[in-house]
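Undergrad: Quick one: structure below, then a few questions.
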Amino acid sequence: MIAIAGINGATGKDALREIERCRQLGFKGIALDNGWGDPPLYDDDPTLFPIYEKCQEDGLIVAITSSIAIGPDMDYSKPIHIQRLGVQFRDLKIVVPHACWPWVSLACTAALRNLNLHLIPDYYIEMPGANEYVDWANARLGNQILFASSYPGSGLIEAVNRYENLGFATRDIRRQVMGQNAARLLGL
Numbered sequence: 000m001i002a003i004a005g006i007n008g009a010t011g012k013d014a015l016r017e018i019e020r021c022r023q024l025g026f027k028g029i030a031l032d033n034g035w036g037d038p039p040l041y042d043d044d045p046t047l048f049p050i051y052e053k054c055q056e057d058g059l060i061v062a063i064t065s066s067i068a069i070g071p072d073m074d075y076s077k078p079i080h081i082q083r084l085g086v087q088f089r090d091l092k093i094v095v096p097h098a099c100w101p102w103v104s105l106a107c108t109a110a111l112r113n114l115n116l117h118l119i120p121d122y123y124i125e126m127p128g129a130n131e132y133v134d135w136a137n138a139r140l141g142n143q144i145l146f147a148s149s150y151p152g153s154g155l156i157e158a159v160n161r162y163e164n165l166g167f168a169t170r171d172i173r174r175q176v177m178g179q180n181a182a183r184l185l186g187l
């Protein structure tokens, strides 16, 4: 079992203390839903920078959930916020559950520009336009796309079967997406 802690980034120093506590317990990273914070924050809000700096310094993964369902309006899911973050913190390991859907092209372009950015399309892989994640994996992003089921939104076996039939160009790309990329990020 590998643990990643849910952190409220809007809590400032309390968030930093919680990150340190989780790191000491062996957690591999943190998860943020910045658009649902109190107050809601864009992922590149400077008040979050101490959190990102701490995680970069400690080698922790930062999972930033981003899709149409995050935040009070669609602006919170736009990939530009995560792309700016990737530029500001080049050594920060960033993963994006829900992969900024519906902004598929922009999210993949952000990942192309930021090698430290990884997309997890999870159950959005079947939404309109989501075939672009596979096209981008086949073209250039095979090592930056990650499998996830997003259980309980989708069952694990159902999700594995869905991904196995997506049309990855090679077995190597499929192996990367289905586990090798995650193993590398987690240091396994």
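In terms of numbering that gives the first Met the number 0, the sequence shown has 42 at position 43, counting the first letter as 1, and numbering is strictly consecutive.
Glycine included, each C-beta is placed from N, C-alpha and C at the ideal position.
None of the values given here were measured: they were computed from a predicted structure.
#1: When DSSP builds the beta bridges, which residues end up paired with alanine 136?
#2: How should threonine 64 be labelled, buried or exposed, when 16 other C-beta atoms within 10 angstroms of its C-beta is the threshold for buried?
#3: Considering only residues of the same chain and omitting the five flanking positions on each side of glutamine 82, which have a CB-CB separation below 7 Å?
#4: Measure how close the beta-carbons of tryptophan 100 and alanine 129 come, nearest whole angstrom, since I'm counting them as under 8 Å.
#5: Taking only three categories from DSSP, how would you classify serine 153?
#6: Does glycine 154 pass the burial test, meaning 16 or more other C-beta atoms within 10 Å, or should it be called exposed?
#7: Leucine 145: which of His97, Glu52 and Asn7 sits nearest, CA to CA?
#8: Rounded to the nearest angstrom, what separates tryptophan 102 and glutamine 179 at their Cα positions?
#9: Just list the residues that DSSP pairs lysine 27 with in beta bridges.
#10: Please determine, among Arg16, Gly25 and Asp13, the residue with the shortest C-alpha to C-alpha distance to methionine 0.
#11: Using a Cβ-Cβ cutoff of less than 6 Å, which residues in the same chain neighbour glutamine 55 once the five nearest sequence positions on both sides are dropped?
#12: Can you give me the C-alpha to C-alpha distance between histidine 80 and aspartate 37, rounded to a whole angstrom?
#13: Evaluate asparagine 115 with the Cβ neighbour count: other Cβ atoms within 10 Å of its Cβ, from every protein chain shown; 16 or more gives buried, anything less gives exposed.
#14: With H, G and I counted as helix, E and B as strand and the rest as coil, what does DSSP make of histidine 117?
#15: Return helix, strand or coil for glycine 5, following the three-state DSSP convention.
#16: What did DSSP end up calling lysine 77 once you bin it into helix, strand or coil?
#17: Out of Asp121, Glu163, Glu131 and Asn7, point me to the one whose CA is closest to alanine 147's CA.
#18: When DSSP labels each residue in this structure, what does isoleucine 93 get in the three-state scheme?
TA: With the given structure in hand:
#1: According to DSSP, residue pairing for alanine 136 in a beta bridge does not occur.
#2: Classification for threonine 64: buried.
#3: Once the five neighbours on either side are set aside, the close Cβ partners of glutamine 82 are Ala109, Arg112 and Asn113.
#4: The Cβ separation is near 7 Å, so the contact holds.
#5: The answer is coil: DSSP assigns serine 153 none of H, G, I, E or B.
#6: Around the beta carbon of glycine 154, fewer than 16 other beta carbons lie within 10 angstroms, which makes this residue exposed.
#7: The shortest C-alpha to C-alpha distance from leucine 145 to any of His97, Glu52 and Asn7 is the one to His97.
#8: Whole-angstrom Cα-Cα distance: 25 Å.
#9: None; lysine 27 has no bridge partner.
#10: Comparing Cα positions, the closest option is Gly25.
#11: Cβ within range, chain order: Phe88, Asp90 and Leu91.
#12: CA-CA distance, histidine 80 to aspartate 37, rounds to 18 Å.
#13: Residue environment: asparagine 115 is assigned as buried (16 or more neighbouring CB atoms within 10 Å of its CB, all protein chains considered).
#14: DSSP places histidine 117 in strand when its eight states are reduced to three.
#15: Strand.
#16: Collapsing the DSSP output to three states places lysine 77 in coil.
#17: Closest by alpha carbon: Asp121.
#18: Secondary structure at isoleucine 93: strand, using DSSP grouped into helix, strand and coil.
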